[in-house]
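The structure under discussion appears below in the form of structure tokens.
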Amino acid sequence: MNRRDFLRDLALGSVALRFAPSLLAQAKSFPDLAVIQGDSPALITKEAMAVLGGMKRFVSKGDKVMIKPNIGWDRTPELAATTNPEVIKTLVELCFEAGAKDVTVMDNTTNQAQRCYARSGIAESAKAAGAKVPFVNPYRLKKMALRGEWLKEWDVFTEFVEADKLINVPIAKHHSLSRLTMGFKNWLGAIGGARNQLHQKLDEAMVDLAAFFKPTLTVLDAYRVLMRNGPQGGRTSDVKLQKTVVAGVDYVAVDTLGAGFFEISPNELVYLGIGQKRGLGQMNLEKLKVEKRTV
Amino acid sequence: MKKERSKKYRFLQILRILTQAGFFGLFLYLLFDTHFTGKDYIGPVETFFHFDPLLALATSLAARAIFASFALAAVTIVVTFVAGRFVCGWVCPLGAVQQFFSFIFRRAKLLNPKKIEWQSRLAWKYYVLIFVLVGSIFTLDLVGILDPLSFLYRSFVTGIIPWFARTSSSFIALLYGLKASSIGDAAAQFFGTLSLNQTFRQGFLISLLFVGIALLNISKERFWCRYLCPAGALLGLLSRWNIGKVRVDEEKCIKCNLCSLHCQTQANPYPNEEWRSSECVYCYTCAAICPTSAVSFPVKATPEKIESINLSRRKLIFTSLLSLVTVPFFRITPAGKRASSKLIRPPGALPETQFLQKCVKCGECMKACPTNALQPALGEAGPEGIWTPVLAPKIGYCEYYCSLCTQVCPTGAIKELTIEEKIKVKIGTAWVNKNRCIPYALGTPCIVCEEHCPTSPKAIKLVKTQVLLPDGTVQTPLAPVVDLDLCIGCGICETKCPVVDDPAIYVTSVGETRSEKNRLLLDLIKPPVPQ
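If you're matching them up, the sequences are chains A and B in order.
When we follow the numbering used here, the leftmost residue of the first sequence carries the number 1414, and every step to the right adds one.
When we follow the numbering used here, the leftmost residue of the second sequence carries the number 36, and every step to the right adds one.
Okay, structure coming up:
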């Protein structure tokens, strides 16, 4: 934008606001975060999207949508190592209702992909809702310029970049290095290459990746929360039933709120501090409009 | 005289080829179906091995055990008694492969059946059989090396399938190169679903053997079946009394010798009295090729005296003695003296001695393994353990909730385990190499092994450790420490370790549940951790 355009837009905007202040007010009227609690993963997901203004606010007619859950481990949903399949299914349905042309659900798993896709229940439920659930395709791996502060370039599965809309749907879990794995850490499943070497500066890597992928929306599945032994758990005793989803555009804010489920101060999550400093989002929830509901 | 080829036998010949193709297709189907298909338990994909009387006999002898599953071998034995080596000609998938290559080489004019020779070499396979069986009596189970089903399955798993998968990869890459991305995507997904293992340490060597066996068909049609196959030899011995014997009608015969020239297995239909029942595989080539329809296979209930292979008693005794003498040679190895650190067996594997007596080196477990972890052994298990499965954590790891390898083993060398049983089996123990481990050596965080450790609670703990850096400063990163009570030796830590060339955490066989000797501490045998 050059200076002339800027001035013109400024003038137009001032005029518009002068005569119709409701324009801005309306745009601001949606809450920044929806925090919905309830017994049904499907219903709380639906409600969260409704609170944020409906899926139509994010997905337009004819969009190609990519949903990125966490399907990293060969664990069943009760063990809370992978995103809740009903949350994924509901989001797929909402995307189609909003007019999406196609919806893809995909993750680069850690255990054998076939096992993770099947046993997490995600492949089945997402397919039932009409989504494509392919395995990551090594032929679509491309070295891309991430332009991060630490990660300059890395192998990325191009589908995540080429989608019109990208919805990040992590599950909230304990992690021994980044303390917690939620929205930021979930991006390690959208890339290939030697992912195990990113742990040497994991917080920086997570921020670089989140800034690169810039999701349209983040829906944090905290229906079951993995409190210990993360990120794959293995016992139901490690799992806390939180029955919540958190949705929002500001992915720093989503993870900040998520830290509360673990009684961890967001300030202890190094990556959030870096993320906020880089202007990716807001850690101070008091500055945001957080809508909490129970359904 | 009216010259006409027999339509009936031409039809039977075509039917035989179709049947062979059908059984080979079934073999391929079962082969490709042996992987995780979404369910914890897999169907009886290994059942075809149980129809093999040679595997049944040799393994029963070596393991001193009667296998209920091998009761199916009785079907083959009965068929052979009644109908001769019908199974070799119509059913055996390796027979079909030999036949196929013979056909190709004949078409390419590389194989010219001009003269009949090498009569005495037909006896080779009987000596191979005797060698294997006498070995088995002395608990040396070598049957898997030359058993046709083991040979074929192993060759496919470790050689042909990886070749196929890699060839397909090139084609898929080409599709993307030609901008046919959507076809490429579909193909890539298809291959993803098949989950074909592509990395085998001896893939090249085993492929070479397979190609060698195929190329031998240039020298003689169905070379393997004629001269080498011990299973064919066993069936040959059983086939003498069968009721479907060749008959050459002297009235019609013009003595052209085509039948004997083109006989796939040198059974010599002409002159009739020299026909060898033990060699005939009932391919019906002789009857179909005869220009005057003089050759037929009438069903006759009464057995008659027929020509068989001249097995010299002297040579039989010599072979038996040779086998007997050879057995100890296979055991001049430290393998029996002290457990090998690299000899990590799949979960459910029997104690080493019993394992070697039962394993037929077929490669079923290697096909079923979801992570490509199971590899054919070369030297790890001594000479008798060649091509038995070894878990190589540098290549793949044992998937925590998977017990497929235990379910597909045709001989129970790997005991069938439920998932609940399997996760309690320890196949080895992980060790941290602090000289190479990133936190210990560089003071840099890593935790990758801990993150992947599947047990709950984790067998890899992270402990703050003081590390002296080259500049003299001290760092206190979290560094991995293995809890030996919890570690099951699955090896995912080694597979995923970012120290690429020689992982800084590695698994050795010590502490494996199956061994009483290969243990670390006496008190390591504890009741399983309550879940």
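Built from N, CA and C at the ideal position, the CB exists for glycine as well.
Where residue i sits in the DSSP three-state scheme
{"i": "E1566/A", "result": "strand"}
{"i": "S328/B", "result": "coil"}
{"i": "I218/B", "result": "helix"}
{"i": "D518/B", "result": "coil"}
{"i": "W1709/A", "result": "A question about residue 1709/A goes unanswered here, because the residues of chain A that appear run from 1414 up to 1708."}
{"i": "H70/B", "result": "coil"}
{"i": "N232/B", "result": "coil"}
{"i": "N1581/A", "result": "strand"}
{"i": "G1466/A", "result": "coil"}
{"i": "D506/B", "result": "coil"}
{"i": "L1504/A", "result": "helix"}
{"i": "M1696/A", "result": "coil"}
{"i": "Q1655/A", "result": "strand"}
{"i": "Q1689/A", "result": "helix"}
{"i": "V593/B", "result": "Outside the shown range of chain B, which is 36 to 566, sits residue 593/B, and nothing can be said about it."}
{"i": "T54/B", "result": "helix"}
{"i": "A1660/A", "result": "strand"}
{"i": "L513/B", "result": "strand"}
Contact with chain B by residue i, beta-carbon distance below 9 Å
{"i": "Y1552/A", "result": "yes"}
{"i": "L1548/A", "result": "Checking the sequence, you will find Phe at residue 1548/A rather than Leu. By this cut-off, F1548/A is an interface position."}
{"i": "R1592/A", "result": "no"}
{"i": "N1599/A", "result": "no"}
{"i": "D1651/A", "result": "yes"}
{"i": "L1615/A", "result": "yes"}
{"i": "G1602/A", "result": "no"}
Within chain B, partners of residue i - CB distance below 9 Å
{"i": "A1526/A", "result": "G227, S230"}
Enclosing beta strand (DSSP E) for residue i [first to last residue]
{"i": "L1446/A", "result": "1446 to 1450"}
{"i": "K1555/A", "result": "1554 to 1558"}
{"i": "I495/B", "result": "495 to 499"}
{"i": "W466/B", "result": "464 to 467"}
{"i": "Q1610/A", "result": "It is not in any beta strand (DSSP E) - Q1610/A carries neither H nor E in the DSSP assignment."}
{"i": "R1706/A", "result": "1703 to 1707"}
{"i": "F1631/A", "result": "Going by the sequence as given, residue 1631/A is Thr instead of Phe. Per DSSP, T1631/A belongs to the beta strand (DSSP E) from 1630 to 1639."}
{"i": "H1588/A", "result": "1584 to 1588"}
{"i": "R1592/A", "result": "1592 to 1594"}
{"i": "Q410/B", "result": "409 to 411"}
{"i": "Y541/B", "result": "540 to 543"}
{"i": "V1518/A", "result": "1515 to 1518"}
Chain-ordered chain A contacts of residue i [CB-CB under 7 Å]
{"i": "I482/B", "result": "S1589, L1590, H1612"}
{"i": "F332/B", "result": "Chain A residues near F332/B: none, gap ~49 Å exceeds 7 Å."}
{"i": "L497/B", "result": "S1589"}
{"i": "T479/B", "result": "Q1613"}
Residue i at chain A interface by Cβ criterion, 9 Å
{"i": "Q442/B", "result": "no"}
{"i": "E485/B", "result": "yes"}
{"i": "L66/B", "result": "no"}
{"i": "Q224/B", "result": "yes"}
{"i": "F71/B", "result": "yes"}
{"i": "L513/B", "result": "yes"}
{"i": "Y475/B", "result": "no"}
{"i": "C127/B", "result": "no"}
{"i": "G524/B", "result": "no"}
{"i": "G219/B", "result": "yes"}
{"i": "E434/B", "result": "yes"}
{"i": "Y44/B", "result": "no"}
Beta-carbon neighbours of residue i, restricted to chain B and to distances below 7 Å
{"i": "A1607/A", "result": "P533"}
Per-residue contacts from residue i into chain A (C-beta, under 8 Å)
{"i": "G247/B", "result": "Neighbours of G247/B on chain A: none; closest Cβ ~33 Å, over 8 Å."}
{"i": "A575/B", "result": "This structure cannot speak to residue 575/B, because chain B is shown only from 36 to 566."}
Delimiting residues of the alpha helix (DSSP H) encompassing residue i
{"i": "P424/B", "result": "First-last for P424/B: 424 to 426, but that is the beta strand (DSSP E), not the alpha helix (DSSP H)."}
{"i": "C318/B", "result": "Note, C318/B: premise wrong, no alpha helix (DSSP H); not H, not E."}
{"i": "K393/B", "result": "387 to 393"}
{"i": "L269/B", "result": "265 to 273"}
{"i": "V110/B", "result": "108 to 118"}
{"i": "A249/B", "result": "238 to 250"}
- Task: Scan the segment 392 to 412 of chain B for residues whose Cβ lies nearer than 7 Å to a Cβ of chain A and list them as they occur along the chain.
- Result: Cβ contacts with chain A: P405, T406.
- Task: Check distances from the C-beta atoms of the segment 1483 to 1498 of chain A to those of chain B and list, in chain order, the residues that come in under 7 Å.
- Result: D1487
- Using a beta-carbon distance cut-off of less than 9 Å, what residues from the segment 1635 to 1647 of chain A approach chain B? Listed by position along the chain: R1641, N1642, G1643, P1644, Q1645, G1646, G1647.
- Item | Contact residues within the segment 1511 to 1543 of chain A, judged by C-beta distance below 8 Å to chain B | T1523, N1524, Q1525, A1526, Q1527, R1528, A1531, R1532
- Which residues, in chain order, does the segment 288 to 313 of chain B contribute to contact with chain A at a C-beta distance below 7 Å? For the segment 288 to 313 of chain B, which is checked against every Cβ of chain A, not one residue is closer than 7 Å.
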